[in-house]
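Asks:
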Amino acid sequence: STLTDRLSLLVKTMRGQARITESNVQDMLREVRMALLEADVALPVVRDFIARVKEKALGAEVVGSLSPGQALVGIVHKELAATMGEGVSDINLAAQPPAVILMAGLQGAGKTTTTAKLTKHLIEKRKKKVLTVSADVYRPAAIEQLKTVTAQAGGEWFASSPDQKPREIALAALDYAKKHYFDVLLVDTAGRLAIDEALMAEIKELHATLNPVETLFVVDAMQGQDAINTARAFKEALPLTGVILTKLDGDSRGGAALSVRQVTGAPIKFAGVSEKIDGLEVFDGERHAGRVLGMGDIVALVEEVSKGVDLAAAEKLAGKLKSGSGFDLNDFLAQISSMKKMGGLSSLMDKLPTQMAAKAGQADMDRAERDMKRMEGILNAMTAKERRQPALLMDGKSKASRKRRIAAGAGVQIQDVNRLLNQFDQMQGMMKKMSGGGLMKMMKKMGG
Ligand code: GDP
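Numbering (full-length UniProt numbering), first residue to last: 3 to 450.
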């Protein structure tokens with residue numbers, strides 16, 4: 003279950019409390035801690051983070067309709083986003099050309115792929131002339147791989163071979179880049195399956211030789227708990243200026259981002275989101291915070307929902323249901339309008355936890371939005387009396403001619419009108435089941 007599910011349980015028990023206090027914060031923090039560990043954030047990083055959140059949260063006022071639980075979610079989310087970095091930090095190229103970018107990381111982290119992705123980014127977005135070179139003298143295949151992907155990216159590749167020393171390759175490439183007026187030189191390096199001293203000595207030497215303006219640590223988001231050890235080793239060896247988190251398109255909750263950020267102190271600049279050459283995105287700490295917590299932008303959702311739900315109308319509806327006068331087509335129309343007020347289905351879906359949102363594809367959303375618009379059109383083509391007395395359309399004597407008139411007015415087929423009436427019929431059944439306060443409870447829950 004997600005953090006939201008678990009917190010909402012606690013939230014219920016704390017409704018009505020106006021502050022976050024020592025006594026009500028403990029249980030909530032335990033849930034946050036579990037969520038972070040489940041997202042594979044390293045334990046020491048979790049401890050630090052929880053301590054910081056606790057300090058910020060204690061005594062915090064609970065504003066508006068939020069409960070202490072929701073307020074805490076907001077604080078956690080904000081702190082997480084701030085820790086992982088807010089705002090955009092693109093590649094720094096402020097150096098005498100060629101600006102050198104050194105790529106560091108374990109084998110398989112995605113260095114070569116990311117080198118090509120950055121090449122494409124720098125050419126297309128920054129209008130730079132880019133040269134790549136591989137200093138991986140242990141795997142001839144790695145040099146060939148860089149050649150292929152650099153060509154795909156539209157960059158130029160500088161040849162190197164396994165019988166050269168990495169330092170020699172670096173100097174030759176740098177010289178070539180200067181002579182041919184390249185703006186940027188990207189240097190891909192050898193990685194091992196695990197940290198070892200020879201590897202670290204080699205990349206340190208490369209760093210000293212090249213004096214890069216960016217030293218980027220490439221790390222696989224799927225590495226989970228281990229990411230912290232890898233990050234620590236690279237941080238000790240090199241003055242890292244940035245991190246690129248790859249394979250964020252996988253299932254991991256991406257907790258590695260928090261660990262790596264904390265250990266290296268360097269900003270996470272980009273995220274790899276596919277194997278393809280255009281699968282690179284500027285890293286967005288805010289969005290990623292939602293993923294780590296497994297809850298999307300739940301705070302914004304809570305706010306949107308309470309804005310969109312017209313509580314007065316909801317009370318009236320609940321009253322009607324209780325008195326047995328029933329749910330009519332006017333209520334149906336009001337519901338559709340209140341969805342629209344909230345920015346429509348897709349905007350709500352954007353704010354849901356990623357796992358939930360993934361289940362409903364964009365195509366489904368588009369179809370649902372179109373259906374909603376059509377339904378609204380049909381409802382508006384009815385007379386007020388018909389909306390108040392749906393029976394006129396369902397079993398009245400003149401139902402056929404009424405439906406024909408409505409279909410013509412809304413520019414749809416009779417079947418569309420029938421479909422809407424069926425849906426309404428089902429909904430009415432559901433509403434009856436929920437009467438007796440059930441609906442109000444549901445609305446209140448959504449509205450906080
Ligand atoms: P290197 O050994 O560090 O140079 O790693 P490679 O660039 O060869 O990448 C290792 C594997 O990870 C390859 O199969 C890549 O296609 C894959 N890869 C790299 N970045 C990403 C990413 O962002 N998403 C996905 N799904 N795969 C990636």
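Just so you know, even glycine gets a beta-carbon here, dropped at the ideal spot from N, CA and C. All values reported here derive from a predicted model rather than from experimental measurement.
For the segment 182–238, list the beta strand (DSSP E) runs that are entirely contained and at least 3 residues long, ordered along the chain.
Replies: Whole beta strand (DSSP E) segments, 3+ residues: 186–190 and 216–222.
Asks: Mind checking whether the beta-carbon of residue 147 lies closer than 7 Å to any heavy atom of the ligand GDP?
Replies: The sequence position of residue 147 within the sequence shown is 145, counting from 1. Residue 147 Cβ: within cutoff of the ligand GDP.
Asks: In whole angstroms, what separates the C-alpha of residue 276 from that of residue 282?
Replies: Taking the first residue of the sequence shown as position 1, residue 276 is located at position 274. Taking the first residue of the sequence shown as position 1, residue 282 is located at position 280. Computed Cα separation, rounded: 7 Å.
Asks: Going by DSSP, what residues sit across from residue 384 in a beta bridge?
Replies: In the sequence shown, the residue the question calls residue 384 occupies position 382. Answer by DSSP bridge pairing: none, since residue 384 is not bridged.
Asks: Count the other C-beta atoms from every protein chain shown that fall within 10 angstroms of the C-beta of residue 201, then say buried if there are 16 or more, exposed otherwise.
Replies: Mapped onto the sequence shown, residue 201 falls at position 199. With 16 or more Cβ atoms within 10 Å of its Cβ, residue 201 is classed as buried.
Asks: With H, G and I counted as helix, E and B as strand and the rest as coil, what does DSSP make of residue 131?
Replies: Residue numbering aside, residue 131 sits at position 129 when the sequence shown is read from its first letter. In the structure shown, residue 131 sits in coil (DSSP, three-state: anything other than H, G, I, E or B).
Asks: Would you say residue 83 touches the ligand GDP, meaning its beta carbon is less than 7 Å from a heavy atom?
Replies: Position 81 of the sequence shown, counting from 1, holds the residue named residue 83. Checking the Cβ of residue 83 against the ligand GDP gives no.
Asks: Measuring straight from C-alpha to C-alpha, what distance separates residue 159 and residue 104?
Replies: The residue labelled residue 159 in the question sits at position 157 within the sequence shown. The residue labelled residue 104 in the question sits at position 102 within the sequence shown. If you take the alpha carbons of residue 159 and residue 104, they lie about 15 Å apart.
Asks: Straight-line CA distance for residue 223 to residue 193?
Replies: Taking the sequence shown and counting its residues from 1, one reaches residue 223 at position 221. Taking the sequence shown and counting its residues from 1, one reaches residue 193 at position 191. Using only the alpha carbons, I get a separation of about 17 Å.
Asks: Do residue 276 and the ligand GDP come close, with the Cβ less than 7 Å from some heavy atom?
Replies: The residue you call residue 276 lines up with position 274 of the sequence shown. Yes, the beta carbon of residue 276 sits closer than 7 Å to at least one heavy atom of the ligand GDP.
Asks: Could you tell me if the beta carbon of residue 189 falls within a distance shorter than 7 Å of some heavy atom in the ligand GDP?
Replies: As a working mapping, residue 189 is identified with position 187 in the sequence shown. Result no, Cβ not under 7 Å from the ligand GDP.
Asks: Which same chain residues, not among the five before or five after residue 197, have their C-beta less than 6 Å away from its C-beta?
Replies: Here residue 197 is taken as the residue at index 195 of the sequence shown, counted from 1. Only 235 meet the Cβ criterion.
Asks: Under 6 Å Cβ to Cβ from residue 130, same chain only, skipping five residues before and after it: list those, please.
Replies: Sequence index remark: in the sequence shown, residue 130 carries index 128 (1-based). Cβ neighbours of residue 130 beyond the five flanking positions: 124, 185 and 186.
Asks: With DSSP as the reference, label residue 271 as helix, strand or coil.
Replies: Residue mapping note: residue 271 aligns to position 269 of the sequence shown, counting from 1. Three-state result, residue 271: strand.
Asks: Does any residue of chain D bring its CB to less than 8 Å from the CB of residue 141?
Replies: Absent here is chain D; the protein component of the structure consists of one chain.
Asks: When the Cα atoms are used, what is the spatial distance from residue 207 to residue 170?
Replies: The residue labelled residue 207 in the question sits at position 205 within the sequence shown. The residue labelled residue 170 in the question sits at position 168 within the sequence shown. In a straight line, the C-alpha of residue 207 is about 11 Å away from that of residue 170.
Asks: Should residue 57 go down as buried or exposed, given a rule of 16 or more other Cβ atoms within 10 Å for buried?
Replies: On the sequence shown, position 55 is the one that residue 57 refers to. Exposed: under 16 other Cβ atoms inside 10 Å.
Asks: In chain order, what residues of the same chain lie with their CB nearer than 7 Å to the CB of residue 384, ignoring the 5 residues before and after it?
Replies: In the sequence shown, the residue the question calls residue 384 occupies position 382. Closer than 7 Å at the Cβ level, and outside the excluded window around residue 384, lie 331 and 408.
Asks: Below 7 Å CB to CB, which residues in the same chain sit around residue 138 once its five sequence neighbours on both sides are set aside?
Replies: The sequence position of residue 138 within the sequence shown is 136, counting from 1. Hits under 7 Å: 144, 145, 190, 191 and 192.
Asks: Return the Cβ separation of residue 102 and residue 213 in integer angstroms, given the expectation that the two are a contact with Cβ distance under 8 Å.
Replies: Within the sequence shown, the letter at position 100 stands for residue 102. Within the sequence shown, the letter at position 211 stands for residue 213. Their Cβ separation, rounded to whole angstroms, is 7 Å, which keeps residue 102 and residue 213 in contact under 8 Å.
Asks: Tell me whether residue 144 counts as near the ligand NAD, meaning its Cβ is closer than 7 Å to at least one heavy atom of that ligand.
Replies: With respect to the ligand NAD, the structure offers nothing, as its ligand set consists of the ligand GDP.
Asks: Whole-angstrom Cβ separation of residue 122 and residue 155, contact assumed at under 8 Å?
Replies: The residue labelled residue 122 in the question sits at position 120 within the sequence shown. The residue labelled residue 155 in the question sits at position 153 within the sequence shown. Confirmed, about 4 Å.
Asks: Which term fits residue 49, buried or exposed, when burial requires 16 or more other beta carbons within 10 angstroms of its beta carbon?
Replies: As a first step, residue 49 must be located in the sequence shown, where it is residue number 47. Flag for residue 49 reads exposed.
Asks: If we call anything under 8 Å between Cβ atoms a contact, is residue 52 one with residue 216?
Replies: Start at 1 with the first residue of the sequence shown, and residue 52 comes out as number 50. Start at 1 with the first residue of the sequence shown, and residue 216 comes out as number 214. No, they are not a contact pair.
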